[in-house]
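What follows is a set of notes on a single structure, which appears directly below.
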Amino acid sequence: MKKTILASCLLLAVTTIKAQTFSTEKKQDSHGYTYEIVKNDKTGLRLYTLKNGLKVYLAQNTDEPRIQTYIPVKTGSNNDPSDNTGLAHYLEHMVFKGTSKIGTQNWEVEKKLIAQISDLYEQHKAETDPEKKKAIYKQIDEVSQEASKYSIANEYDKLISSLGAKGTNAHTNLYETVYKNNIPANELEKWMVVEKERFSELVLRLFHTELEAVYEEFNRSQDNDARLVSFELMSALFPETPYGQQTTIGKSEHLKNPSMVAIRNYFNTYYVPNNMAVILVGDLDFDKTIKMVDKYFGSFQYKELPMKKLVTEKPMTSIVSREVKSATAERLTMAWRTSGTGTKEALLADMTAEILSNAGEVGLIDLNINQKQLTLSASGFASTFNEYGYFGLNLNTKEGQTLEEGRDLLLTQIDKVKKGDFDEWMIQAIVNNRKLDVMKTYETADGLATSIYRNYTQSISWEKNLSEINELSKITKADIIKFANEFFKENYVIIYKRKGVNDKLVRVSNPKITPVQLNRDSQSEFYKSYAKLTSTDSAPVFVDFKSAIQTKKVKNTTISFVKNNTNAISNLYYIFNMGSDNNKKLSLAMGLLDYLGTDKLSAEEIKKEFYKIGVSYTVSAGNDMSYITLTGLEYNLPKGIVLLEDLLKNVKPDQDVYNTTVETILNTRANAKKRKESIASALVNYAKYGKDSRFRDILSEKELKEMDVAELTNMLKDLTNYEHQVFFYGTNFNTMVEALDRYHNLNANKAIPAPKVYLEPETSNKVYFANYDMVQTEMTRIAKGAKYNAAITGTVNVFNSYFGSGLSSIVFQEIRESKSLAYSARANYGLANDKNLNDYMQVAIGTQANKLPQAVDAINALLADMPKIEKQFNNAKESSLKQIASSRIIKTNIFFNQINLKKLGFDYDIRKDIFKDIQGLTLDSTTDFFNKEVKTKQYNTAIIGKKESLDFEALKKLGDIEEVSLEEIFNY
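Here the numbering used here is used: the first residue of the sequence shown is 1, the next is one more, and so on.
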């Protein structure tokens with residue numbers, strides 16, 4: 001729980017995060033480029049506008065020699081043609097397929113075949129006779145097979161990954177499509193060479209296999225409750241506009257009947273420079289970078305955008321109630337429509353949501369519902385889009401509680417806002433919390449870059465974005481009361497997510513797709529020329545933990561310190577080398593702390609006291625380590641220590657609160673057995689560790705109900721008497737040591753209890769199946785490997801990139817690109833995080849149930865024989881080296897990286913060894929690793945899906961099948 005600053009207690013905080021006045025100024029650099037900056041903007045962001053209308057946002061962050069890149073396009077599913085929904089999202093996928101130069105071996109031949117495929121799709125779309133449609137699709141498949149002889153799958157990703165890029169991806173929503181990469185700073189120009197070519201034209205290559213992958217994504221959305229509720233909510237809130245009538249993923253019938261012509265028209269209409277931006281945040285030189293951007297992107301031609309058809313919604317005048325059914329636990333969502341981003345109404349809705357539910361957990365819903373555990377969870381929030389938005393409320397009911405009762409609980413809190421039944425100091429507290437959140441967000445290159453593209457796509461100027469906090473600070477309690485009384489009427493949408501059978505699921509037959517050719521060994525002429533381009537070398541920098549971490553032994557406790565050179569936010573950690581393995585009840589005790597008070601303060605009052613001083617605390621117990629963390633402005637951390645120590649030492653047992661907590665735990669457990677994601681995770685754990693795992697080794701319902709809460713509070717009171725260490729990330733080490741010496745037990749010397757040891761059983765070709773009503777089937781294969789061996793770390797790094805992760809990996813290409821069997825397919829060799837534990841190899845795929853037999857065969861083939869492609873291997877190797885060379889271990893990661901390395905038996909930054917090992921790595925040695933550690937292993941398999949839809953004969957190829965009950969895998 002984050003905490004902010006109470007107005008009456010601001011003191012130094014007033015001067016530290018005081019309001020700033022922002023105004024836009026124009027400047028000119030040494031090359032004559034004009035740019036805008038905002039006065040008093042600490043990010044130093046520069047906005048350039050090229051002659052063709054392209055917006056270029058540049059900001060510096062020198063934490064590491066890398067640059068976060070985003071290329072946002074101001075268009076999304078709201079601009080989809082009504083008869084081609086899902087088009088913007090599908091186009092996003094196709095932009096990764098290359099151009100007439102990238103991804104082709106012979107464009108002159110390939111383009112004729114692609115044109116033929118396009119014509120066939122138009123015929124397919126127009127045809128209404130099912131049998132004739134099948135015949136046309138067969139032709140599409142045949143011509144696509146021929147066209148694939150001239151294509152090169154995933155060449156874009158090969159180009160980008162060769163730079164040492166990370167996070168290569170894209171997303172589409174209602175009003176934006178955003179392309180992302182994180183690259184080494186010295187590879188910036190080569191990145192521009194690729195992106196300039198990429199966005200210069202659209203080639204719909206390998207179209208029908210990618211379309212089927214998108215349909216698998218559609219299937220995933222059908223199995224996702226949150227999406228189903230969101231679709232129904234938006235449909236009811238926005239009955240007249242694309243906001244509610246067109247989902248980003250699209251309709252099933254449109255995905256099965258696409259138009260390549262419509263997709264090209266969309267690209268040519270909206271992917272124009274005056275509707276796009278280039279955002280670069282990182283280790284860059286402003287003057288050199290803008291000149292470079294202009295060189296590569298300045299040649300794009302300006303093009304008038306179509307006149308936007310203004311479609312408005314009629315005011316809501318009544319309650320719209322709808323239901324969604326699925327196997328998961330019941331919950332509800334309520335929403336009132338608001339005006340769009342940047343409006344006064346949107347700001348008031350945002351502030352009101354914080355009054356109800358905030359990070360400090362002192363809002364009306366927080367204290368009146370969640371703190372009292374009247375339901376499993378509840379919250380308020382505000383979502384804003386371009387023209388519209390909505391104010392939302394969520395609630396997850398307890399067992400035996402009706403959704404209507406949950407609705408009434410939420411409406412009671414709305415009534416309190418209307419009556420002004422909330423503390424006035426909350427408003428200033430919320431404002432100051434926002435200032436701290438902004439400080440944290442802009443601290444990272446990705447945080448700042450994300451904020452920039454979001455403001456760009458919503459047409460919010462950077463000045464207005466920075467000034468929003470000042471506008472929030474002008475809001476008074478009277479404003480909120482007036483807003484609440486005028487806004488909250490019986491004109492909302494309510495979605496009841498009830499437990500039942502979803503009769504709206506779309507199940508389709510498996511189209512007969514001939515696997516397309518991947519041509520892994522081939523390279524386009526563009527790639528060959530590109531490979532000759534040079535960049536300045538980037539030398540790796542490894543951490544010297546001894547100089548980066550200052551330590552001091554005070555009494556019996558070691559205190560470590562890493563200096564924060566970025567901002568005034570600090571972190572203090574109490575770290576215990578014990579967790580649930582040492583004491584199964586520790587996690588329960590720590591979780592209970594949130595609901596208990598002391599002899600002087602109630603739990604609610606304690607939260608408010610933390611909120612006042614701008615400090616948050618968290619407690620967590622892992623398997624072998626536990627943490628208590630304080631975060632906030634550094635000068636208030638000593639006050640946070642006083643509050644925390646008082647809570648730990650004087651926590652007051654309350655059996656009634658504990659009994660309610662037990663009810664919540666049991667409810668949560670019951671709900672986990674209804675969620676596909678929870679069942680899948682538990683099933684994989686069962687396949688990996690069997691019956692005697694820590695996941696199943698839990699406190700029983702009987703143990704929970706019979707426990708005396710005093711046992712748990714005594715555990716909390718005794719916690720800081722155990723041996724532990726302290727880590728401080730901030731600026732003034734000595735001041736913090738003095739505070740700890742005064743308020744914290746630095747004499748702690750109680751021995752840590754011995755942990756329970758959980759064995760890692762051998763995997764032995766067993767198949768564990770759990771029945772669940774869903775469209776897709778999820779399969780994970782897992783094999784126990786050897787004990788941790790540092791000598792193979794470099795090999796594993798490159799192997800994972802080459803074989804199982806990324807768009808150009810062997811598994812992704814074979815499963816998705818060639819055979820179109822899944823949206824998601826990945827393989828990973830996971831190194832143990834402790835020198836005494838074993839590694840594990842894992843392969844996971846989510847696919848339509850009727851494609852499972854082909855998926856089983858495809859994965860078996862890959863695990864039996866790893867394809868050897870020298871060029872692709874060298875690409876993966878080079879990428880790994882460049883990633884290490886351009887990455888830096890910084891801030892709190894310095895300390896926690898050292899802790900993790902100590903578990904592996906090292907006291908130095910082993911990336912130095914890894915880098916050296918990768919330099920000497922060969923495809924033959926990597927193949928030897930595969931043959932020894934992957935190919936020869938026995939795999940257990942976890943499968944979750946609808947029993948009636950599965951081909952169990954196909955599954956027998958994986959081993960002996962055992963259907964397991966939920967009670968078996970969860971142990972309750």
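Even glycine gets a Cβ: it sits at the ideal position worked out from N, Cα and C.
Since this is a predicted model, take the numbers as computed values, not measurements.
Straight through space, the alpha carbons of ASN61 and THR444 are spaced by roughly 7 Å. Here ASN828 is not near ASN860, since their CB atoms are 7 Å or more apart. Setting aside the 5 residues that flank it on each side, TYR658 is surrounded in the same chain by VAL709, each with a C-beta closer than 6 Å to its C-beta; the list follows chain order. Between ARG331 and LYS497, the C-beta gap is smaller than 7 Å, which places the two residues in contact.
Taking the Cα of ASP119 as reference, the smallest distance to any Cα among SER529, ILE136, GLN28, ASN433 is reached at ILE136. In terms of Cα proximity to LYS482, the closest of ASN106, LEU505, GLU387, ASP415 is ASP415. Note that the stretch 418-426 does not touch the stretch 381-399; fewer than 3 beta-carbon pairs, one per stretch, sit closer than 8 Å.
When DSSP reads this structure, ILE628 sits in a beta bridge with TYR574, VAL619. Under the 10 Å beta carbon count, LYS42 is surrounded by fewer than 16 other beta carbons and is classified as exposed. Closest in alpha carbon position to ALA770, among ILE37, HIS208, GLU968, is GLU968. With a threshold of 16 other beta carbon atoms within 10 Å, ASN78 meets it and is buried. Relative to TYR271, the option among GLU176, ALA885, GLY164, SER949 whose CA is nearest is GLU176.
Shortest Cα-Cα distance from ARG407 to any of ILE495, GLN938, GLY597, VAL311 involves ILE495. When only Cα atoms are considered, ILE67 and ALA449 end up about 10 Å apart.
Annotation: SER693 to VAL684 spans about 12 Å, alpha carbon to alpha carbon. The residues LYS97, GLY98, GLY103, ILE114, SER151, in chain order, have a CB closer than 7 Å to that of ARG205 in the same chain once the five nearest residues on each side in sequence are set aside. Judged by DSSP secondary structure, ILE117 falls outside any beta strand (DSSP E) and instead within the alpha helix (DSSP H) spanning 107-126.
Around the beta carbon of GLN854, a 10 Å sphere encloses 16 or more other beta carbons of the protein chains shown; the residue is thus reported as buried.
For GLU323, the uninterrupted beta strand (DSSP E) segment begins and ends at 320-326. If only complete runs of 4 or more residues are kept, the stretch 188-266 shows the alpha helix (DSSP H) at 188-198, 207-222, 225-237, 242-245, 252-255, in order along the chain. Cβ contact annotation for LYS935 (same chain, cutoff 7 Å, sequence separation greater than five): LEU863, ALA864, in chain order. With a beta-carbon spacing of about 5 Å, ILE475 and MET351 fall inside the 8 Å limit used to define contacts.
Of the candidates SER818, ASN567, PHE576, ASN567 places its Cα closest to the Cα of ASN732. Of the candidates PRO184, ARG520, ALA754, LYS532, the residue whose Cα lies closest to the Cα of LYS166 is PRO184. Using a C-beta cut-off of 8 Å, the stretch 948-962 makes no contact with the stretch 799-815, since fewer than three inter-stretch Cβ pairs fall below that distance. In this structure, the beta-carbon distance from LEU712 to VAL662 does not fall below 7 Å. ASN721 and SER560 have their C-alpha atoms some 19 Å from each other. Looking at the DSSP output, SER339 sits in a beta bridge with TYR388.
ILE845 and ILE815 do touch by the CB rule: their CB atoms are close to 6 Å apart, below 8 Å. Here LYS489 carries a coil assignment [DSSP, helix/strand/coil]. Cβ neighbours of VAL798 within its own chain (closer than 8 Å, five residues either side excluded): PHE873, ALA876, LYS877, SER880, ILE918, LEU921, THR926.
In the same chain as VAL541, and ignoring 5 residues on each side of it, the C-beta atoms closer than 8 Å to its own belong to ARG888, in chain order.
Excluding residues up to 5 positions away in sequence, THR99, SER100 lie with their Cβ nearer than 8 Å to the Cβ of GLU201 in the same chain.
Taking each of LYS26, LYS937, ARG911, THR795 in turn and checking the Cα distance to GLU463, the smallest one comes out for LYS26. Closest by C-alpha distance to VAL38, out of GLY32, SER30, SER23, is SER23. Contact annotation: the stretch 140-159 touches the stretch 521-530, with at least three C-beta pairs closer than 8 Å.
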